[in-house]
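Undergrad: Next up is a structure, given as structure tokens.
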Amino acid sequence: MLIKNSSYHTKYYDLKKKVYINPTKERWANFKIDSTSLDTHITNSQAYSQRPDSYVNVIDNILPIPARSTWKRHGDLLTEFEQKILGTSNSLGIEDLIRYLNKLKNIISGRVAVELSGGLDTAIIIGIAKHLGVKIKLIGGISDRYEFRTERFVQELIAKDFDDVTFIPESSALPFSNLSNTPFHAIPNKSSLFHYVHSVTADWAQENEIKYILNGMGFDSLLIDKVQKKSTRLIFDKINLDDPWPNDYVFKQKSTSYINIISNNYIRKIIITMRALEPNDNQKKWARKIFSEYIPNELSKYRYKASFAANYAEGLSNNKDEIMEICDRAFNHCKIAKIEPKIMKKLIKGLEEFDQKSEFEFITRLSFANWIHAFLK
Amino acid sequence: MLRSYSLGRCYLESGWVIHPLSGSLLKVDTADLVSFQSKKIPKIVSNALIKCENPFLLKPPSDSPLESSFVHSSTIKRNFNFFSSIKKINFYLSVLFAGLFSIKSIGPSREIFSEINSFEEDLKFNACLVKCLTVATCSSSFKKNGVLFIGAHLPLQDMHAWIIEENEQPDQFDREWINYVPLMAITYHKT
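Written as structure tokens, this is what we have:
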């Protein structure tokens, strides 16, 4: 049998009843949640995948079906129906990308905004949009921290060319902010811990009647990872390169779509084809060269990259009390020892001492606690 | 002779300095910061500080990887191992020895960094200061134009060392340095 999701958001399929269900707080509060649920969430987080063929259900029989995808079910086994194989044998170049985007421009109706981070990925999107004469607004978090001086310089440089630019001060939307108001979400996801910056952006979008906000979410993998001749690897898979959480739970509610530009099959195919046989490229040298016409010299010739570690640490430190309250409430509901506040406090200590294992454990467990808290409140 | 200059800086409402003997990061009252700062710093240091503040004033990094200078490979490795051992004992001694045992220049900093970057990963782990001291002792360009900075990613306790030479940051593989606020400068130049 086929399970098809033709919508633009994730849907939740009940494998037992064989129907899609509408996730609600009330229904979710009645589901059995135990330490196995947390362990499966940890497994899913390690795999970095929400593909139904590899996702382990956190709630019995409830499976997330990604937007615009169809799956074949044989018993317990799911396989993607017509999985697109991204071969790189065709010769496609930047002119094909520009031509395609030009066509796309004529189809899109409604106001468009692009995130302006000061980094390479969003600068490429902004540069091409400007080249094609697409009228866009820009929105981005800006930081006055020392380490973000190069990002800030690029943000201000790009902003000069646009009439409508909004900056969100980083200090007002730190990671882990306002977790008590995380929207209800069907399955745990670490993006919920960063919901506040998305909420601020979505409010702005609603106020400005923005229909689409374009982001550069999946570019990191696409522009860095080694590309083999016939790239069938799941690393370039649309679902794996996307994180639907912000769109599903924050932007959609504000009548805006938060679009990962490379979730478009053809855009992804052109870029992968252009990068065919390119080695691993951590500094994105290839992209800086290929897109040099569309981005400032500061991004094509230099490769600076600020660390978010201090930003992250400040968010954690400012919101420790709220984090503990969330863990306390979630622990009281499910009695899972791994999210007990005193255990989480120990993990925070590890995090403050730069222990990477603690970081993964903390983020995974906190996103689980935050998920429970969001349907209990 | 290598000389060190304390740059002590006010950041996030605190004063930050590097202890000249232990090399550790200290948080001090902003009112006391002046007493921790060098009274005068050489022009080469103030010029290099401007580049640290505005990294786009530096020459863009080269795209082509440098061939390591195999001729002097053993000298570089010997110095690197020497400073690794001394640094484990004391920060001050490692800077002092770097100044005293400065050898005949064997090439520009870019090439020496490139050679060190070809060493095994476990040798290079957490060895930014050792790398920079090795370069400072053997590089012709450092002796002429170089400033070795030690800085911190504030308010974290994370520290790093890097070199600025006139218009260049000569370590092709170091993308981390821009995160660190320079708090101490080490150079052969006097005020």
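Quick mapping for you: the protein sequence lines, in order, are chains B and F. The first sequence: position 89 = 102 (the working numbering), numbered continuously. The second sequence: position 188 = 318 (the working numbering), numbered continuously. Even glycine gets a Cβ: it sits at the ideal position worked out from N, Cα and C.
#1: State the Cα-Cα distance for the pair M14/B and E93/B, rounded to the nearest angstrom.
#2: Between F272/F and the rest of its own chain, which residues show a CB-CB distance below 7 Å, the 5 nearest in sequence each way excluded?
#3: State the Cα-Cα distance for the pair S218/F and S204/B, rounded to the nearest angstrom.
#4: Grab the span of the alpha helix (DSSP H) containing I120/B for me, first residue to last.
#5: How would you list, in chain order, the residues of chain B whose beta-carbon sits under 7 Å from the beta-carbon of H283/F?
#6: Consider the Cβ of D301/F: report whether some Cβ of chain B lies at a distance smaller than 9 Å.
#7: What is the DSSP secondary structure of K265/B, reduced to helix, strand or coil?
#8: Helix, strand or coil for G363/B? Go by DSSP, reduced to three states.
#9: Answer with buried or exposed for D47/B, where buried requires no fewer than 16 other C-beta atoms within 10 angstroms of its C-beta.
#10: Report yes if the C-beta distance between E183/F and R162/B is below 9 Å; otherwise report no.
#11: The ligand GTP heavy atoms versus the CB of S235/F: any closer than 8 Å?
#12: Tell me whether G154/B sits in a helix, a strand or coil according to DSSP, three-state version.
#13: Put P9/B into one of helix, strand or coil per three-state DSSP.
#14: Thinking just about the alpha-carbon of each residue, which of I272/B, I121/B and V178/B is nearest to the one in M230/B?
#15: Measure from the C-beta of F2/B to each C-beta in chain F and report whether the shortest distance is under 9 Å.
#16: Is the CB-CB distance between L206/B and S380/B below 9 Å?
#17: Are the beta-carbon atoms belonging to I171/B and L129/B less than 9 Å from one another?
#18: Specify the secondary structure class of E291/B as computed by DSSP and reduced to three states.
#19: Identify the residues that DSSP records as bridge partners of P188/B: which are they?
#20: Between the alpha carbons of F249/B and L235/B, how many angstroms are there, rounded?
#21: With a CB to CB cut of under 6 Å and the five nearest residues on each side skipped, what residues in its chain are close to W258/B?
#22: Kindly say whether Y307/B, judged by its beta-carbon, lies nearer than 9 Å to any beta-carbon of chain F.
#23: Could you check whether the Cβ of F279/F sits closer than 9 Å to any Cβ belonging to chain B?
#24: Starting from the Cα of P182/B, find the closest Cα among F175/B, Y209/B and K148/B and give me that residue.
#25: Which partner residues does V178/B have in the DSSP bridge list?
#26: Is the stretch 345-363 of chain B close to the stretch 178-193 of chain F, with three or more CB pairs under 8 Å?
#27: Which chain F residues are close to A136/B, counting only those with a beta carbon under 9 Å from its beta carbon?
#28: Could you pull out every residue in the same chain whose Cβ sits closer than 7 Å to the Cβ of V164/F, ignoring the five residues on either side in sequence?
#29: Okay, do the stretch 293-306 of chain B and the stretch 128-144 of chain B touch, 3+ Cβ pairs below 8 Å being the bar?
#30: Using a Cβ-Cβ cut-off of less than 8 Å, give me the residues of the stretch 242-265 of chain F that come near chain B, in sequence order.
#31: Give the interface partners of N309/F over in chain A, defined as CB-CB distance under 7 Å, in chain order.
#32: Within 9 Å (strictly less), CB to CB, does Q296/B reach chain F?
#33: Using DSSP's beta-bridge definition, name the partner residues of D27/B.
#34: Do E327/B and P312/F have their CB atoms nearer than 9 Å?
#35: Under DSSP, the alpha helix (DSSP H) around V210/B begins and ends at which residues?
#36: If you compare alpha carbons, which of C262/F, E241/F and V158/F is closest to S203/F?
TA: Quick look at the numbers:
#1: In the first sequence, residue 14/B corresponds to position 1, counting from 1. In the first sequence, residue 93/B corresponds to position 80, counting from 1. Near 12 Å, if we compare the C-alpha coordinates of E93/B and M14/B.
#2: Here residue 272/F is taken as the residue at index 142 of the second sequence, counted from 1. Cβ contact annotation for F272/F (same chain, cutoff 7 Å, sequence separation greater than five): S239, V265, A266, I293 and E295, in chain order.
#3: Walking along the second sequence from the start, residue 218/F turns up at place 88. Walking along the first sequence from the start, residue 204/B turns up at place 191. Note on residue identity: the sequence assigns Lys, not Ser, to residue 218/F. So the alpha carbons of these two residues sit roughly 41 Å apart.
#4: Mapped onto the first sequence, residue 120/B falls at position 107. From DSSP, the alpha helix (DSSP H) with I120/B extends over I107 to I120.
#5: As a working mapping, residue 283/F is identified with position 153 in the second sequence. Within 7 Å Cβ-Cβ: E160, S320, A322 and A323.
#6: Residue mapping note: residue 301/F aligns to position 171 of the second sequence, counting from 1. Closer than 9 Å: no.
#7: As a first step, residue 265/B is located in the first sequence; it is residue number 252 there, counting from the start. K265/B falls in the helix class under three-state DSSP.
#8: As a working note, residue 363/B is residue 350 in the first sequence. G363/B falls in the helix class under three-state DSSP.
#9: Position 34 of the first sequence, counted from the first residue, corresponds to residue 47/B. Counting Cβ neighbours within 10 Å, D47/B comes out exposed, since fewer than 16 surround it.
#10: In the second sequence, counting from the first residue as 1, residue 183/F sits at position 53. In the first sequence, counting from the first residue as 1, residue 162/B sits at position 149. A contact, by the Cβ cut-off of 9 Å.
#11: Looking at this structure, you won't find the ligand GTP or any other ligand, since it has none at all.
#12: The residue you call residue 154/B lines up with position 141 of the first sequence. In the structure shown, G154/B sits in a strand (DSSP, three-state: E or B).
#13: Given a span of 14 to 390 for chain B in the structure shown, any question on residue 9/B remains unanswerable.
#14: To locate residue 230/B, count along the first sequence from 1; it is residue 217. Of the candidates I272/B, I121/B and V178/B, the one whose C-alpha sits nearest the C-alpha of M230/B is I272/B.
#15: Limits of chain B in this structure are 14 at one end and 390 at the other, which puts residue 2/B out of reach.
#16: Locating residue 206/B in the first sequence gives position 193, counting from the first residue. Locating residue 380/B in the first sequence gives position 367, counting from the first residue. For L206/B and S380/B, yes; Cβs fall inside 9 Å.
#17: Here residue 171/B refers to the residue found at position 158 when the first sequence is read from its first residue. Here residue 129/B refers to the residue found at position 116 when the first sequence is read from its first residue. Yes, these two residues count as a Cβ contact at 9 Å.
#18: By 1-based counting over the first sequence, the position of residue 291/B is 278. If DSSP states are grouped into helix, strand and coil, E291/B belongs with coil.
#19: Looking up residue 188/B in the first sequence gives position 175. BP columns for P188/B are empty, so no partner.
#20: The residue given as residue 249/B occupies position 236 in the first sequence. The residue given as residue 235/B occupies position 222 in the first sequence. Rounded to whole angstroms, F249/B to L235/B spans 7 Å at the Cα level.
#21: Sequence index remark: in the first sequence, residue 258/B carries index 245 (1-based). Counting only Cβ-Cβ distances below 6 Å, and skipping sequence neighbours, we find N202 and S204.
#22: Walking along the first sequence from the start, residue 307/B turns up at place 294. Taking Cβ atoms only, chain F never reaches closer than 9 Å to Y307/B, which makes this a no.
#23: To locate residue 279/F, count along the second sequence from 1; it is residue 149. No - not a single Cβ of chain B is within 9 Å of the one on F279/F.
#24: Stepping through the first sequence from its first residue, residue 182/B is reached at position 169. Taking the Cα of P182/B as reference, the smallest distance to any Cα among F175/B, Y209/B and K148/B is reached at Y209/B.
#25: Here residue 178/B is taken as the residue at index 165 of the first sequence, counted from 1. Paired residue(s): L151/B.
#26: no
#27: As a working note, residue 136/B is residue 123 in the first sequence. Per Cβ cutoff of 9 Å: no residues; A136/B is ~14 Å from chain F at best.
#28: Start at 1 with the first residue of the second sequence, and residue 164/F comes out as number 34. Answer for V164/F: no residue qualifies.
#29: Judged by Cβ distances under 8 Å, the stretch 293-306 of chain B makes contact with the stretch 128-144 of chain B, as three or more pairs qualify.
#30: none
#31: No chain A is present in this structure, whose protein chains are B and F.
#32: To locate residue 296/B, count along the first sequence from 1; it is residue 283. For Q296/B, the answer is yes, since a Cβ of chain F falls inside 9 Å of its Cβ.
#33: Reading the first sequence from its first residue, position 14 is the one you call residue 27/B. DSSP, once it has assigned bridges, lists V32/B and I75/B as partnering D27/B.
#34: Within the first sequence, numbered from 1, the residue matching residue 327/B stands at position 314. Within the second sequence, numbered from 1, the residue matching residue 312/F stands at position 182. No, the pair does not count as a contact, with Cβ atoms beyond the cut-off.
#35: Taking the first sequence and counting its residues from 1, the one referred to as residue 210/B is at position 197. Its alpha helix (DSSP H) spans residues H208 to E220.
#36: Counting from one through the second sequence, the residue named residue 203/F turns up at place 73. Out of C262/F, E241/F and V158/F, E241/F has the C-alpha closest to the C-alpha of S203/F.
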